[in-house]
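Novice:
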Amino acid sequence: MFDPAGLSKTAAIKEVRRWREAEVTHGRVSMLAVVGFLTQENFHFLFVEPDKDIGPAIRHLDEVRAVNPWFFEVLTFTIALAEARRSTVGWVNPAGASGPVGGLPDGELRALNSQYYPGDFGFDPLGLKPTDADEFAEMATKELQHGRLAMLAAAGFLAQELVDGKTIVATLADQSL
Numbered sequence: 083m084f085d086p087a088g089l090s091k092t093a094a095i096k097e098v099r100r101w102r103e104a105e106v107t108h109g110r111v112s113m114l115a116v117v118g119f120l121t122q123e124n125f126h127f128l129f130v131e132p133d134k135d136i137g138p139a140i141r142h143l144d145e146v147r148a149v150n151p152w153f154f155e156v157l158t159f160t161i162a163l164a165e166a167r168r169s170t171v172g173w174v175n176p177a178g179a180s181g182p183v184g185g186l187p188d189g190e191l192r193a194l195n196s197q198y199y200p201g202d203f204g205f206d207p208l209g210l211k212p213t214d215a216d217e218f219a220e221m222a223t224k225e226l227q228h229g230r231l232a233m234l235a236a237a238g239f240l241a242q243e244l245v246d247g248k249t250i251v252a253t254l255a256d257q258s259l
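Structure, rendered in structure tokens:
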């Protein structure tokens, strides 16, 4: 387990599980962001003029808002559906019947379901989830590692495009010369 600050040494297992849930979720979003950065710089399928050069990916949302303002409503609704699914599967319903605060355990403001593995809310349309516990643990570790790398990459992409105003690919080409 990667824990250079030693936070998990004194934390309860419930707290570590919540951290893992947050890390997996942020890692997945970051992996999508990295793919989006690299893809959107070359393919502008949301725009009226797909061949139009609009610069770095960080500015593409401005163009999307101008060309397709409904896109953000659809995106927000889609994210809300995904989060609603994740929250109903993974988290204890605070309005439940037991405990002093609805369905939450004593003294807790939020809690993961005890049967829930962080990040595994049952969405596997391609059937890629391993059935063997060791294979699943290996895949979960790989996902965490890739997510951590993607979080760093997405932050780097954002910073680089804000600083020099060039696309990621153009910056890489300039550096290789």
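For reference, each letter of the sequence shown is one residue, going 83 to 259 in the working numbering. We treat Cβ as the ideally placed atom computed from N, Cα and C, and that holds for glycine.
So, at 6 Å on beta carbons, what are the nonlocal neighbours of Glu243 in its own chain, with the 5 sequence-adjacent residues on each side left out?
Specialist: Looking up residue 243 in the sequence shown gives position 161. So the qualifying residues of the chain are Pro138, Ile140.
Novice: Just curious, the alpha helix (DSSP H) that Ala235 is in, first and last residue?
Specialist: Working through the sequence shown from its first residue, we reach residue 235 at position 153. Where Ala235 is concerned, the enclosing alpha helix (DSSP H) stretches over 215-246.
Novice: Given this structure, state the Cα-to-Cα distance separating Val183 from Met113, to the nearest angstrom.
Specialist: On the sequence shown, residue 183 is found 101 positions in, with the first residue counted as 1. On the sequence shown, residue 113 is found 31 positions in, with the first residue counted as 1. Only weak support is given to the placement of Val183: the predicted model assigns it a pLDDT of 49, under 50, and the value that follows is read from those uncertain coordinates. Distance between the alpha carbons of Val183 and Met113: 36 Å.
Novice: Give the straight-line distance between the Cα atoms of Leu89 and Arg230, rounded to the nearest whole angstrom.
Specialist: On the sequence shown, residue 89 is found 7 positions in, with the first residue counted as 1. On the sequence shown, residue 230 is found 148 positions in, with the first residue counted as 1. Approximately 17 Å, taken between the alpha carbons.
Novice: If contact is defined by three or more beta carbon pairs under 8 Å, each pair taking one atom from either stretch, is the region 230-241 in contact with the region 116-127?
Specialist: Judged by Cβ distances under 8 Å, the region 116-127 makes contact with the region 230-241, as three or more pairs qualify.
Novice: List the endpoints of the continuous alpha helix (DSSP H) containing Ser169.
Specialist: As a working mapping, residue 169 is identified with position 87 in the sequence shown. Start and end: 153-172.
Novice: Taking only the alpha-carbon atoms, compute the straight-line gap between Pro200 and Phe125 and give it to the nearest angstrom.
Specialist: If you number the sequence shown from 1, residue 200 lands on position 118. If you number the sequence shown from 1, residue 125 lands on position 43. Distance between the alpha carbons of Pro200 and Phe125 is about 34 Å.
Novice: Are the Cβ atoms of Leu194 and Arg99 separated by less than 8 Å?
Specialist: Mapped onto the sequence shown, residue 194 falls at position 112. Mapped onto the sequence shown, residue 99 falls at position 17. Yes, the pair counts as a contact, with Cβ atoms nearer than the cut-off.
Novice: Give the secondary structure of Leu191 by DSSP, where H, G and I count as helix, E and B as strand, and everything else as coil.
Specialist: By one-based count along the sequence shown, residue 191 stands at place 109. Here Leu191 sits in coil by DSSP.
Novice: Is it true that the CB of Glu225 sits closer than 8 Å to the CB of Val106?
Specialist: Stepping through the sequence shown from its first residue, residue 106 is reached at position 24. Stepping through the sequence shown from its first residue, residue 225 is reached at position 143. Yes, the Cβ-Cβ distance between Val106 and Glu225 is below 8 Å.
Novice: Please state the DSSP three-state secondary structure of Leu89.
Specialist: The residue you call residue 89 lines up with position 7 of the sequence shown. In the structure shown, Leu89 sits in a helix (DSSP, three-state: H, G or I).
Novice: Quick check on the DSSP output: the alpha helix (DSSP H) that includes Thr249 runs from which residue to which?
Specialist: Along the sequence shown, read from residue 1 onward, the residue named residue 249 stands at position 167. Careful: Thr249 lies outside any alpha helix (DSSP H) and carries neither H nor E.
Novice: Does Gln122 pass the burial test, meaning 16 or more other C-beta atoms within 10 Å, or should it be called exposed?
Specialist: Here residue 122 corresponds to residue number 40 of the sequence shown, with the count starting at 1. Looking at its Cβ environment, which holds 16 or more other Cβ atoms inside 10 Å, Gln122 is buried.
Novice: Taking the alpha-carbon positions, what's the Asp214 to Leu143 distance?
Specialist: As a first step, residue 214 must be located in the sequence shown, where it is residue number 132. As a first step, residue 143 must be located in the sequence shown, where it is residue number 61. So the alpha carbons of these two residues sit roughly 42 Å apart.
Novice: How many whole angstroms separate the CB atoms of Gly172 and Phe203, which I take to be in contact at a CB cut-off of 8 Å?
Specialist: One-based indexing of the sequence shown puts residue 172 at position 90. One-based indexing of the sequence shown puts residue 203 at position 121. Sure, about 5 Å apart at Cβ, within 8 Å.
Novice: For Gly118, which three-state DSSP category applies?
Specialist: Along the sequence shown, one-based indexing puts residue 118 at 36. Helix, per DSSP.
Novice: How long is the line joining the alpha carbons of Arg102 and Pro151, rounded to whole angstroms?
Specialist: Against the sequence shown, residue 102 aligns to sequence position 20. Against the sequence shown, residue 151 aligns to sequence position 69. Using only the alpha carbons, I get a separation of about 35 Å.
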